[in-house]
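According to the numbering used here, the sequence shown holds residues 1 to 222 in order.
Backbone N, C-alpha and C fix where the C-beta goes; we use that ideal spot for every residue, glycine too.
A quick write-up on the structure given underneath.
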Amino acid sequence: GDIHGCFDLMQRHYTTLRAELGEAIEVVFLGDYADRGPQSAQVLEQLFAWQSASPDTVICLMGNHEKMLLEFIDDPAGKGLRWLVNGGRETLESYGITLPPGQVTADDAADAADAFEAALPDGLEAWLRDLPLIWSNGNIHCVHAAMDPSKPPEAQNRRTLLWGHRDFLTTPRADGQTVVHGHTIMAEPTLGDTRISIDTGAYHSGRLTAALISDGACEFSL
Numbered sequence: 001g002d003i004h005g006c007f008d009l010m011q012r013h014y015t016t017l018r019a020e021l022g023e024a025i026e027v028v029f030l031g032d033y034a035d036r037g038p039q040s041a042q043v044l045e046q047l048f049a050w051q052s053a054s055p056d057t058v059i060c061l062m063g064n065h066e067k068m069l070l071e072f073i074d075d076p077a078g079k080g081l082r083w084l085v086n087g088g089r090e091t092l093e094s095y096g097i098t099l100p101p102g103q104v105t106a107d108d109a110a111d112a113a114d115a116f117e118a119a120l121p122d123g124l125e126a127w128l129r130d131l132p133l134i135w136s137n138g139n140i141h142c143v144h145a146a147m148d149p150s151k152p153p154e155a156q157n158r159r160t161l162l163w164g165h166r167d168f169l170t171t172p173r174a175d176g177q178t179v180v181h182g183h184t185i186m187a188e189p190t191l192g193d194t195r196i197s198i199d200t201g202a203y204h205s206g207r208l209t210a211a212l213i214s215d216g217a218c219e220f221s222l
């Protein structure tokens, strides 16, 4: 599920899964690693390290918050401003960068973006930019937000994968494909006929959910 700066929860889940299931299993992270929670820097840097060390078994997807983070670096006084009101301030603070309260000026945003980019460890920004939007194994498709139920996996729109689709939560797929996703907070993880939802709002609930999927079965670990 969405980690949102909850390093301790992520670390506990990952180490427990590895201890119980071994190093050969594929672990897929569904995006939204930073923002809102207090430990975004630790989360980003640990995921980068895990995937760099085990690129075949650690898969990190892009979420809409990674998209907004990169927009802030590229266009801090324009499109990037929306990141600041969606948890970006907390990520900056995790890197020791503090913006003045209230409305942010263009100069303040540009200075913060420069400082943030400089604070990122070597390779981390490039890693974020290269994160894939979907990972598939058989009829299981992992994405951050949603898939259009009327289109096959290979024909999905980038915006849908990152931000959602109006029919996704209400219209089951008719092609036998199952979508594993986060993005939409649920009180409990949900296992449906064609959709597995695992965002349980870790940053405010203290509950980070993982789905263990094998041989057509799914169980949740909270």
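Outcome for residue i when other beta-carbon atoms lying within 10 angstroms are tallied against a minimum of 16
i, result
"His4", "buried"
"Ile25", "exposed"
"Asp215", "exposed"
"Asn137", "exposed"
"Leu212", "exposed"
"Pro152", "exposed"
"His13", "buried"
"Glu188", "exposed"
"Val85", "exposed"
"Asp56", "exposed"
"Glu23", "exposed"
"Gln103", "exposed"
Which of helix, strand or coil DSSP assigns to residue i
i, result
"Arg195", "strand"
"Leu212", "strand"
"Val104", "coil"
"Ala217", "strand"
Opening and closing residue of the beta strand (DSSP E) in which residue i lies
i, result
"Phe241", "Summary: the structure shown does not reach residue 241, with the chain confined to residues 1 through 222, and so no result is reported for it."
"Ala34", "That residue, Ala34, is in no beta strand (DSSP E); it is neither H nor E in DSSP."
"Glu26", "Where Glu26 is concerned, there is no enclosing beta strand (DSSP E), given that its DSSP letter is neither H nor E."
"Ile3", "Here Ile3 belongs to no beta strand (DSSP E), and DSSP marks it neither H nor E."
"Val85", "First-last for Val85: undefined, no H or E at that position."
"Ile311", "Residue numbering for the chain in the displayed model covers 1 to 222; residue 311 lies beyond these limits and cannot be assessed."
C-beta atoms of residue i and residue j nearer than 9 Å
i, j, result
"Ala112", "Leu99", "yes"
"Leu133", "Leu169", "no"
"Ile196", "His181", "yes"
"Gly80", "Ile73", "yes"
"Leu208", "Thr200", "yes"
"Leu17", "Val28", "no"
"Ile198", "Gly37", "no"
Residue i: first and last residue of the uninterrupted alpha helix (DSSP H) it sits in
i, result
"Glu93", "Arg89 to Ser94"
"Ile73", "Asn64 to Asp74"
"Leu9", "Phe7 to Leu21"
"Ala202", "Ala202 to Ser205"
"Leu124", "Leu124 to Arg129"
Chain D contact for residue i (CB, 9 Å cutoff)
i, result
"Gly176", "The structure shown contains no chain D; it holds only a single protein chain."
> What are the uninterrupted segments assigned as beta strand (DSSP E) that are 3 or more residues long and contained completely in the region 131–198, given in chain order?
Replying inline: 134–137, 140–143, 178–181 and 195–197
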